[in-house]
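Engineer: Sharing a structure here in structure tokens format.
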Ligand code: UD1
Ligand code: CA
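Numbering (this note's numbering), first residue to last: 6 to 455.
Have a look at this one:
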């Protein structure tokens, strides 16, 4: 048994009123289609075939490798879209799973159940449905007096009586490949000129089969955002799922309604997350941290026992026991070693701060390499930009940078050196040396204190 999967992503999604195809709009930081691909990953024997059409180039560049593509040149309906993948799969797979790229909340467990049900069944089609309150945009599942499914009827062609049915077509299917390929050629054209995939259910019944239907208990799995109101609804459901996953694995989230954790983030045990925290991209947070409130961490690795308060971190690296905030900004390439402390209003870009270095108040550090146990006084600035290029600053270990020191780069400060308050350092400072003034002058060599 070779199982292949087709994911439909060729539609435009006009109701999004967007320049971009619907399926690349993000949910918890990843395109809608990413979630649909992830849901089938590991279930199938071949890489999924993504059917693309409307702005295929944009969809392909958002998704990348890892899937195969089939092109549907004209969007003539879901049946026609599945047929576009036929040449890629005919003769290569005997079972075909079909899902939609615009159903990001469909769980992998549900798809696995669908496949298992199909394997137990004699019918060439196995479908999925859900029951719920009045809902719009879904095909209705029509059953006969014995309760067997006889057809799926689309809203556009349904009678009043059919519209009143409260069992809806969810749109995940498993097919016997040979039967599917020939059934697709028998789908009638709809009044609007489309070929509905849903019509194959009635065709299977005509062929004398009894179609099995997996009834899903959680209607949220069916949310297929068609406009941005539904997009926000899907985002909310996905956010809750992610937050619950982390809480159940040992992370305290003070207010899950106000905590925003993207799909691929990792968080260690006994970390506490305060409200209005956004953990994004490939961020990894260690154990026993306190994150937030009002903190955004993007593509950053954070060690254990770290405290981040009201800060923004982007593409940085933060080692164990760092404390930071409020109002700090780590930009690309900031690397804080173990035990570093950043107090209020600190900005660090493309710089390394060594173990236990302290920067308590109002400082900018850019393009700098700073040693261990350095005290960076209030208001210290690395003047790294000369109007043309960025210049480096190097500071040794155990240095004392006085308040309001301007380090005019390129400049080097030796181990254990001291700069006085308000010094403007334009020349390298040797180790164990005190400099003062504007521009800073060497005052004396320090006595070694060991
Ligand atoms: C479809 C089902 C409906 C079901 C609902 C669940 C059909 C005819 N109807 O309706 O029974 O209740 O999903 O969400 O299947 N697509 C293509 N090519 C096309 C048309 C669509 O690739 O020519 C893709 C879209 O990109 C989208 C998916 O198929 O990912 C579904 O298309 P959409 O137009 O949203 O179908 P619905 O009207 O929601
Ligand atoms: Ca849809």
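For each residue, glycine too, the CB sits at the ideal point set by N, CA and C.
Measure the CB-CB distance between residue 145 and residue 161 and report whether it falls below 8 Å.
Structural biologist: The residue you call residue 145 lines up with position 140 of the chain shown. The residue you call residue 161 lines up with position 156 of the chain shown. Taking 8 Å as the Cβ cut-off, residue 145 and residue 161 do not qualify as a contacting pair.
Engineer: Can you look up residue 14 in the DSSP assignment and give me helix, strand or coil?
Structural biologist: Stepping through the chain shown from its first residue, residue 14 is reached at position 9. Strand at residue 14.
Engineer: Consult DSSP for residue 89 and reduce its assignment to one of helix, strand or coil.
Structural biologist: Working through the chain shown from its first residue, we reach residue 89 at position 84. Here residue 89 sits in coil by DSSP.
Engineer: May I ask you to check if the CB of residue 74 is nearer than 7 Å to at least one heavy atom of ligand 1?
Structural biologist: Along the chain shown, read from residue 1 onward, the residue named residue 74 stands at position 69. Not so, every heavy atom of ligand 1 lies at least 7 Å from the Cβ.
Engineer: Please tell me whether, using a cut-off of 7 Å, the distance from the CB of residue 462 to the nearest non-hydrogen atom of ligand 1 is below it.
Structural biologist: No answer is possible for residue 462: it lies beyond the span of the chain, which begins at 6 and ends at 455.
Engineer: Smallest Cα separation from residue 364: which of 355, 380, 245 and 376?
Structural biologist: If you number the chain shown from 1, residue 364 lands on position 359. Closest by alpha carbon: 380.
Engineer: Indicate whether the contact test is met: 3 or more Cβ pairs, each with one atom in the segment 52–63 and one in the segment 170–182, closer than 8 Å.
Structural biologist: No, because fewer than three Cβ pairs between the segment 52–63 and the segment 170–182 fall closer than 8 Å, the two stretches do not touch.
Engineer: Which same chain residues end up closer than 8 Å to residue 274 when comparing Cβ atoms and leaving out the 5 residues on each side of it in sequence?
Structural biologist: The count along the chain shown starts at 1 and reaches residue 274 at position 269. If we look at residue 274 and ignore the five residues flanking it on each side, its Cβ neighbours are 254, 255, 256, 292 and 293.
Engineer: In the DSSP assignment, the beta strand (DSSP E) including residue 40 goes from what residue to what residue?
Structural biologist: On the chain shown, residue 40 is found 35 positions in, with the first residue counted as 1. Where residue 40 is concerned, there is no enclosing beta strand (DSSP E), although the alpha helix (DSSP H) it sits in stretches over 37–45.
Engineer: Per DSSP, what are the beta-bridge partners of residue 368 in this structure?
Structural biologist: As a first step, residue 368 must be located in the chain shown, where it is residue number 363. The partner list for residue 368 (beta bridge, DSSP) reads 351.
Engineer: Do residue 27 and residue 18 count as a contact pair if the criterion is CB distance below 8 Å?
Structural biologist: For this step, residue 18 is matched to residue 13 along the chain shown. For this step, residue 27 is matched to residue 22 along the chain shown. Contact flag set, yes.
Engineer: Using a threshold of 8 Å, state whether the C-beta atoms of residue 185 and residue 129 are closer than that.
Structural biologist: Within the chain shown, the letter at position 180 stands for residue 185. Within the chain shown, the letter at position 124 stands for residue 129. Yes.
Engineer: Per DSSP, what kind of secondary structure is residue 242 in: helix, strand or coil?
Structural biologist: Numbered from 1 along the chain shown, position 237 holds the residue referred to as residue 242. Helix.
Engineer: I'd like to know if residue 142 contacts chain D, where contact means its C-beta is closer than 8 Å to some C-beta of that chain.
Structural biologist: Annotation note: the requested chain D is absent from the structure, which comprises a single protein chain.
Engineer: Along the chain, where does the alpha helix (DSSP H) containing residue 283 start, and where does it finish?
Structural biologist: In the chain shown, the residue the question calls residue 283 occupies position 278. Taken as a continuous stretch (DSSP letters only), residue 283 belongs to no alpha helix (DSSP H), being part of the beta strand (DSSP E) at 282–285.
Engineer: If I follow the unbroken alpha helix (DSSP H) through residue 115, where does it start and stop?
Structural biologist: In the chain shown, the residue the question calls residue 115 occupies position 110. From DSSP, the alpha helix (DSSP H) with residue 115 extends over 113–125.
Engineer: For residue 107, is the beta carbon positioned less than 7 Å from some heavy atom of ligand 1?
Structural biologist: The count along the chain shown starts at 1 and reaches residue 107 at position 102. At least one heavy atom of ligand 1 is nearer than 7 Å to the Cβ of residue 107, so yes.
Engineer: Should the segment 191–200 be called in touch with the segment 223–234, which here means at least 3 C-beta pairs below 8 Å?
Structural biologist: No, because fewer than three Cβ pairs between the segment 191–200 and the segment 223–234 fall closer than 8 Å, the two stretches do not touch.
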